[in-house]
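Here the working numbering = 1-based position in the sequence shown + 202. Here a beta-carbon is modelled for each residue, glycine too, at the ideal position from N, C-alpha and C. These numbers come from a predicted model, not from an experiment. Worksheet for the structure shown next.
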Amino acid sequence: MVKAIVGANWGDEGKGKITDMLGQEADIIVRYQGGSNAGHTIINEYGKFALHLLPSGVFYKHTTSVIGNGVALNIPYLFKEIKSIVDRGVPMPKILVSDRAQIMMPYHILFDQYEEERLGGKSFGSTKSGIAPFYSDKYAKIGFQVSELFDEELLREKVDRVCEMKNILLEHMYHKPLIDKDELFATLLEYRDMVAPYVADVSAFLHEAIKEGKNILLEGQLGALKDPDFGIYPMVTSSSTLAAYGAIGAGIPPYEIKDIVSVVKAYSSAVGAGEFVSEIFGEEADELRRRGGDGGEYGATTGRPRRMGWFDAVASRYGCKMQGATEVALTVLDVLGYLDEVPVCVGYEIDGVVTKDFPTTAKLAKAKPVYVNLPGWKCDIRGIKKYEDLPENCRAYIEFIEKELEVPVTMISNGPGRDEIIYRNK
């Protein structure tokens with residue numbers, strides 16, 4: 203059985219916790235896109251962790267953690283991350299890396315920084331992790347695949363060819379130091395030695411696992427609104443954030459994905475630039491940010507304060523639809539307990555017309571939120587285990603959201619810990 207866990211919003215919805223929680227029942231957990239540019243915060247018996255490249259199932263002895271072919275594989279970062287969890291008492295995880303995954307090159311990170319610098323005020327708010335240059339090279343067919351590390355002659359020839367091209371840009375466009383071909387080749391041989399014990403034909407492994415009836419979780423990074431096709435383009439990421447891409451980024455048939463858990467936040471937050479209709483500012487935003495998440499709403503990768511907003515039913519319904527959600531996990535509901543009234547954005551007013559459909563970016567820029575205020579529940583709901591024990595106004599908020607999303611809310615997270623969850627029948 204293959205289940206995908208994906209975000210319906212701008213990322214930071216709490217997917218890491220849900221993956222970590224559902225990992226108890228999983229045999230294999232697969233990261234299938236993105237790189238170390240976004241983080242998942244997880245709290246369990248070992249402590250609090252921010253994972254970036256490792257799948258969120260690495261804390262279980264019974265799981266195999268897979269880095270799929272769709273991932274931007276930063277090899278030294280992966281090993282730094284493994285060491286950082288093992289140093290804190292986590293047993294060494296079982297890890298497989300796809301031989302078809304592409305490698306994040308040291309110059310990708312530099313080019314990302316140089317380009318943001320060049321764009322100045324018109325920059326994309328990148329995390330400067332090399333993601334856009336990495337995926338650009340992949341699709342321009344000048345990327346390096348893990349399998350290529352094991353043929354030195356071919357590797358040498360390709361390094362020379364690619365450096366020639368990159369050095370023209372460095373010299374004439376960015377006016378920065380050139381890449382030393384010999385140094386880069388030596389670095390790639392180091393990468394090969396680091397990754398060699400973990401390299402596998404991941405697609406073959408997963409096909410076999412499916413045949414054996416194993417439970418497989420596909421873990422998405424970021425959310426639907428950061429997808430390059432269906433998100434707030436161009437302020438998006440460079441790989442598809444949708445569950446459908448899980449089949450490609452892991453190398454499995456699309457019809458095997460039977461269940462898609464869309465993680466939806468009980469309010470909105472976003473990191474980086476881009477249209478954000480229900481955004482709030484000033485003291486109102488500061489208070490929500492302070493109370494939000496575990497220890498406040500700051501990016502797990504960048505530490506940047508997240509932009510805050512009220513629940514956006516238009517964006518979230520669209521996110522669930524693009525993900526193909528079969529069920530919803532609603533997160534950080536406990537944060538809203540301080541409010542007398544909880545605003546929900548139920549429509550966008552664009553040029554005097556109210557719509558409930560999520561538009562393209564140019565129209566989004568003109569959209570003004572249309573709010574409905576629901577009564578707050580004015581108490582702390584952490585520690586509650588049963589849906590019927592939640593305050594009436596809290597249940598009314600969940601049911602209002604569920605109706606707007608048009609997808610059943612089956613899990614409600616009311617705290618950052620692994621077990622702080624309320625299951626609700628589908």
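Sixteen is the threshold: since fewer than 16 other Cβ atoms of the shown chains lie within 10 Å of the Cβ of ASN575, the residue is exposed. Membership of ILE287 in the alpha helix (DSSP H) is indicated by the continuous run 277-288. Distances from the CA of ASN616 to each of VAL438, ALA569, LEU532 and PHE251 were compared; the closest alpha carbon is that of LEU532. GLN423 has its alpha-carbon roughly 28 Å from the corresponding atom of GLY585. In the same chain as ARG519, and ignoring 5 residues on each side of it, the C-beta atoms closer than 7 Å to its own belong to GLU606, LEU607 and GLU608, in chain order. The beta carbon of ARG491 lies closer than 7 Å to those of GLY498, GLU499, PRO507, ARG508 and MET510 in the same chain, with the five residues before and after it left out.
Minimum Cα-Cα distance from GLY415 among the listed residues ARG493, GLU227, LYS523 and ASP214 corresponds to GLU227. Beta bridge pairing from DSSP links ALA206 with LEU420 and ILE462. Exclusion of the five residues before and after ASP429 leaves VAL438, THR439, SER442, THR443, LEU444 and MET524 as the residues of its chain whose Cβ lies within less than 8 Å of its Cβ. By the Cβ criterion, the stretch 589-602 is not in contact with the stretch 554-563, since fewer than three pairs of Cβ atoms, one from each stretch, lie closer than 8 Å. One alpha carbon belongs to THR389, the other to PRO308, and they sit about 9 Å apart. Burial of MET223 is indicated by the presence of at least 16 other C-beta atoms within 10 angstroms of its C-beta.
Rounded to the nearest whole angstrom, the C-alpha separation of ASP461 and ALA206 is 6 Å. Beyond the five residues adjoining it in sequence on each side, ASN276 comes within less than 7 Å, by CB distance, of GLY237, SER238, LEU255 and MET306 in the same chain, given in chain order. With contacts defined by Cβ atoms closer than 7 Å, PHE513 and TYR469 form a contacting pair.
Beyond the five residues adjoining it in sequence on each side, GLY549 comes within less than 7 Å, by CB distance, of VAL516, VAL556, THR557, LYS558 and VAL572 in the same chain, given in chain order. Per the C-alpha coordinates, the member of ARG302, ALA210, TYR435 and ILE624 positioned closest to ALA567 is TYR435. Exclusion of the five residues before and after LYS368 leaves TYR309 and ILE381 as the residues of its chain whose Cβ lies within less than 7 Å of its Cβ. The alpha-carbon of ILE244 is positioned some 9 Å away from that of GLY216.
Per DSSP, PRO545 is not a residue of any alpha helix (DSSP H); the beta strand (DSSP E) it occupies stretches across 543-552.
Following the DSSP letters along the chain, one finds PHE251 inside the beta strand (DSSP E) bounded by residues 249-253. With at least 16 other beta carbons inside 10 angstroms of its own, PRO295 counts as buried. Secondary structure at ILE370: helix, using DSSP grouped into helix, strand and coil. For ARG320, the secondary structure class from DSSP, reduced to helix, strand or coil, is helix. With the rule of 3 Cβ pairs closer than 8 Å, the stretch 269-289 counts as touching the stretch 448-458.
The Cβ atoms of ILE231 and GLU421 lie closer than 7 Å to each other.
When DSSP states are grouped into helix, strand and coil, VAL401 belongs to the strand group. When the Cα atoms are used, GLY213 and GLU410 turn out to be separated by approximately 31 Å.
Residue environment: LEU312 is assigned as buried (16 or more neighbouring CB atoms within 10 Å of its CB, all protein chains considered).
In this structure, PHE261 is the residue among CYS522, PRO335 and PHE261 with its C-alpha nearest to the C-alpha of SER286.
Runs of the alpha helix (DSSP H) lying entirely within the stretch 550-587 and spanning at least 4 residues, in chain order: 563-566. For GLY218, the closest C-alpha among the options SER258, PRO456 and TYR248 is that of SER258.
Residue PRO278 holds the alpha-carbon nearest to the alpha-carbon of MET396 among ALA527, GLY578, PRO278 and ASP289. Membership of ASN595 in the alpha helix (DSSP H) is indicated by the continuous run 594-607. Taking ALA487 as the centre and dropping the five residues before and after it, the same chain places the C-beta of MET510 closer than 7 Å to its C-beta, in chain order.
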